[in-house]
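Enquirer:
Numbering (our numbering), first residue to last: 9 to 159.
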């Protein structure tokens, strides 16, 4: 893992993008190390922020689309949830409100991926999910970059 981090740091902004993409999926990876190292060696904080945000959003969307591949019949069969309740939740998530709020929190460690998969599985609105996910991840990396610049 240490060698991978070194390689990603050598790749600069592409490395920040890839590390954030990996961290945004179910792969346990710390993109913060790569972003911190890049800022320490004088890379542009703004470009690190953009690279990491875009990469992490794409990683989160990977989880979302994997969830989309799931079948609602699985919930009925294995979790014994009535089809009407599933339909009601799916209809609610098609709008922009609930999905937007939940997708914002995909930046959270450990549960962010589960949120993205669940939103995909329940067919939340892809556009609003993407926008909200991007905003949440942007704010997260903005706080990280700002904090690193204060050191």
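For glycine and all other residues, C-beta sits at the position ideal for the given N, C-alpha and C. Since we're looking at a predicted model, the values are computed, not measured.
Less than 6 Å between C-beta atoms, sequence neighbours within five positions excluded: which residues of the same chain meet that for residue 120?
Expert: Along the chain shown, one-based indexing puts residue 120 at 112. Closer than 6 Å at the Cβ level, and outside the excluded window around residue 120, lie 114.
Enquirer: Three or more C-beta pairs closer than 8 Å, one from the segment 91 to 100 and one from the segment 49 to 59: is that the case here?
Expert: no
Enquirer: In whole angstroms, give me the CA-to-CA distance for residue 42 and residue 146.
Expert: Within the chain shown, numbered from 1, the residue matching residue 42 stands at position 34. Within the chain shown, numbered from 1, the residue matching residue 146 stands at position 138. Taking the straight line joining both Cα atoms gives about 16 Å.
Enquirer: Less than 8 Å between the C-beta atoms of residue 131 and residue 76, yes or no?
Expert: Start at 1 with the first residue of the chain shown, and residue 131 comes out as number 123. Start at 1 with the first residue of the chain shown, and residue 76 comes out as number 68. Contact: yes.
Enquirer: At 4 residues or longer, what runs of the alpha helix (DSSP H) sit wholly inside the segment 48 to 81?
Expert: 53 to 76
Enquirer: Could you give the first and the last residue of the continuous alpha helix (DSSP H) run that contains residue 22?
Expert: Locating residue 22 in the chain shown gives position 14, where the first residue counts as 1. That run of the alpha helix (DSSP H) goes 21 to 32.
Enquirer: Here's the rule I'm using: 16 or more other beta-carbon atoms within 10 Å means buried, otherwise exposed. How should residue 118 be labelled?
Expert: Taking the chain shown and counting its residues from 1, the one referred to as residue 118 is at position 110. By the 10 Å Cβ count, residue 118 comes out exposed.
Enquirer: For residue 133, which of helix, strand or coil comes out of DSSP?
Expert: For the purposes of this step, residue 133 is identified with residue 125 of the chain shown, where counting begins at 1. Here residue 133 sits in coil by DSSP.
Enquirer: Less than 7 Å between the CB of residue 101 and some heavy atom of the ligand ATP, yes or no?
Expert: Absence of the ligand ATP from the depicted structure is noted, as is the absence of any ligand whatsoever, leaving it without description.
Enquirer: Closest to residue 11 by C-alpha separation, out of 128, 37, 83, would be which residue?
Expert: Position 3 of the chain shown, counting from 1, holds the residue named residue 11. Closest by alpha carbon: 37.
Enquirer: Report, in whole angstroms, the separation of the C-beta atoms of residue 63 and residue 25, which I expect to be a contact under 8 Å.
Expert: Here residue 63 is taken as the residue at index 55 of the chain shown, counted from 1. Here residue 25 is taken as the residue at index 17 of the chain shown, counted from 1. Indeed they touch by this definition, with Cβ atoms about 4 Å apart.
Enquirer: Looking at C-alpha atoms only, which residue of 157, 134, 154 is the closest neighbour of residue 74?
Expert: Residue numbering aside, residue 74 sits at position 66 when the chain shown is read from its first letter. Residue 74 has its Cα closest to that of 134, out of 157, 134, 154.
Enquirer: Taking just the CA atoms, how far does residue 71 sit from residue 122?
Expert: Within the chain shown, residue 122 is the residue found at index 114, counting from 1. Within the chain shown, residue 71 is the residue found at index 63, counting from 1. One C-alpha to the other measures close to 8 Å.
Enquirer: Tell me the DSSP secondary structure of residue 88 in three-state form.
Expert: Here the question's residue 88 lines up with position 80 in the chain shown. Three-state DSSP puts residue 88 in coil, outside helix and strand.
Enquirer: Tell me the DSSP secondary structure of residue 9 in three-state form.
Expert: What you label residue 9 is simply residue 1 of the chain shown in a count that begins at 1. Judged by DSSP in its simplified three-state form, residue 9 adopts coil rather than helix or strand.
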